[in-house]
Every structure is written in C-alpha cells, then in structure tokens.
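Written out below as structure tokens is the structure these notes cover.
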Amino acid sequence: MAQRTNLNTKENPIKYILGSILLLIISGIGIFYLANNNKNQISESLGPTVTPTEKILVTPTIEITPTIEATKSVKLTVTPTIKVASVSATPTLVALLTFSNKSDAFSVQYKSQRTVYSDKEESGNRYTFYSPKGNIAVHVGKSWSWVYSDRNYSNGLLVDGVNTFVYEISNQKIVDFEKGDLKYTIQCVHNGIAALKTECDAFIKSFKFI
C-alpha cells in the first residue's frame, strides 16, 4: 500500500503562539482604551477646580470702613485758634517806656506811641513827649520856664511826695514843683480829650526823683 505524503504531517505550534500574542495585544489595546475613556468621563463629571481662589480675592474689598472713621476726626478740628489770635492783638499799644535823665535827676514813664525830643531853652532843658493828639513836656532848670506871679504849693497833688502848684485850663494842665535847686514843670496839652487827661495823670504819678 503506497504511503500518502503530508497526510500525517505534525501540526505547527507557531500558529497558536502568534495567535495568542495577537489576542493579548488586542486585549491590552481594549483595556487601555476603556481606562482612558473612564478617566475622561470622571474628569468631565468633576469639572474644573478653580473657584476657591476666586472666593479668597473677594474679602479685601470689605477693608474700606477705616477711611470713614478717619473723616470723623477731621471734623473735630474747627476754629478755636482764630479767637485766641484776635484777643492778643493790642497789648503792644499800651506798652510803657521809662525815660530818665541823671543830670536833671528824674525818671518818668510814658506810652510807647510817643516820641521823645530834648531841647535847650533859656530856663534850662525841655523834654517833649510828642503825640499828634497832644504833647506832654517836662521843663527842668534853676528858673521857671513860664511866668506866674502867685505860686502856692499844696498837698492836693503830690509828685513823688513833693507838694505842687497846679494850673489848669480847658486845653492843658500845668504842674509846678521844686526839688533842691531845680524847678520842675510838667505841662500836659490834652485839648480836652478824656483819654489824654487820664494819660497825663498817669504820667505825673509815675514821675520820680533820682
């Protein structure tokens, strides 16, 4: 009986190995695809995680209120200093200065608005305390600066403790007195102005011998 060729040929195992490898590759690709698909679905369901930073940036705008309190403190500083300035405006106008002369041995106080002039005259020296409203003058010498026949001294008005003779008319007041060998005359030309009369009395009261 003749033998048939290839009838009893052994089965080749390479086919099964390649088939198994191919199945494994296809299965791996399928698993990888399914895994990526699930991840995309999960990320889509969760959505973006951005909102927490937005909430943190909203709160600083609430910090505006301190500026409102600052404006309240400004309203408290109103005008107290203006009243103080108006009160201290005139004291320099009332300032008193002291004039003294050692050779004629006297000192006296006078208002600073007046200007002092010194002149020689026949009877001695004349000191004029000038003001356009009316002068005050002091005459000092060994003889009288004006002529009057009947001088009677009295203690009705004392000048530094010395008796005086007073002659007064509507526009001026004259006061004569003596100390040692010097004769003094204070002449106030007040022109009937009450303020100048008061100034004259203060001038006479301040007169001192030195």
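Quick note: the sequence shown uses this note's numbering, first residue 547, plus one each step. Backbone N, C-alpha and C fix where the C-beta goes; we use that ideal spot for every residue, glycine too. Here the structure is a predicted model, which is why all the values come from computation and not from measurement.
Judged by their CB atoms, F645 and D706 are not nearer to each other than the 9 angstroms cut-off. Counted as a single uninterrupted DSSP element, the alpha helix (DSSP H) harbouring S752 occupies residues 740-752. Here S658 is exposed: its Cβ has fewer than 16 other Cβ atoms, across all protein chains shown, within 10 Å.
Around the beta carbon of Y676, fewer than 16 other beta carbons lie within 10 angstroms, which makes this residue exposed. In the DSSP assignment, E714 falls within the unbroken beta strand (DSSP E) covering 708-714.
With a threshold of 16 other beta carbon atoms within 10 Å, F578 falls short and is exposed.
Secondary structure at I732: strand, using DSSP grouped into helix, strand and coil. Proximity to D650 across C746, W692, T731, Y694 peaks at T731, based on C-alpha coordinates.
Put simply, of V712, N709, K729, L703 the residue whose alpha carbon is nearest the alpha carbon of S669 is K729. With a minimum length of 3 residues, the unbroken runs of beta strand (DSSP E) contained wholly in the segment 640-701 fall at 642-647, 652-657, 661-667, 670-676, 682-687. A contact between stretches requires three or more CB pairs, one per stretch, nearer than 8 angstroms, and the segment 692-699 meets this requirement with the segment 707-722.
Pairing G726 with E745, the inter-Cα distance amounts to about 27 angstroms.
Sorting I567, V654, S566 by C-alpha distance to the C-alpha of A748 places V654 at the top.
DSSP places D722 inside the beta strand (DSSP E), whose first and last residues are 718-725. For the pair F652 and K679, the Cα-to-Cα distance works out to about 25 angstroms. Per DSSP, the beta bridge partners of F755 are F652. The beta carbon of L643 sits closer than 8 angstroms to the beta carbons of Q655, Y656, K657, S658 from its chain, once the five residues preceding and following it are set aside; these are given in chain order.
Note on G565: under 16 other CB atoms within 10 angstroms of its CB, so exposed under the neighbour-count rule.
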